[in-house]
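Before any comments, here is the structure.
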């Protein structure tokens, strides 16, 4: 497994990741997005769109760029309600982008010391990924 340290540097190690405190100093730092991209390329993080009963959801699974636990992230993108896909005046609706830009938060279930009261998941970071809407 490829681990990623607090600076976003990958380290190859078969040992389980060390317990890390909840991130409060730089939860949205670009280094998490950069590290996530490397994990996507290595196949240790995956992102795809799932469609279930006409509801489209983005799913991100695999190693968190900070704590290496499974991020377990799902976000509903849209839902088809049976309404017309046009605007007033019978103009067609805007085309949907091919990629969906997501802000993914780590939703791991591992313990992270210092996690604020009322939050029961994650190591405290967010990162960005592009997901192909027509993906698997």
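In my numbering, the protein residues as written are 875 to 1010.
Just so you know, even glycine gets a beta-carbon here, dropped at the ideal spot from N, CA and C.
- For the region 887-945, the continuous beta strand (DSSP E) assignments of 3+ residues that do not extend past its boundaries occur at 919-926, 929-936, in sequence order.
- The beta carbons of residue 976 and residue 1002 sit closer together than 8 Å.
- Minimum Cα-Cα distance from residue 1005 among the listed residues 924, 992, 989 corresponds to 924.
- Here residue 988 is exposed: its Cβ has fewer than 16 other Cβ atoms, across all protein chains shown, within 10 Å.
- In the structure shown, the three-state DSSP call for residue 978 is strand.
- Spanning the alpha carbons of residue 942 and residue 936 requires a straight line of approximately 8 Å.
- Residue 999 is a Cβ neighbour of residue 901, given a cutoff of 8 Å.
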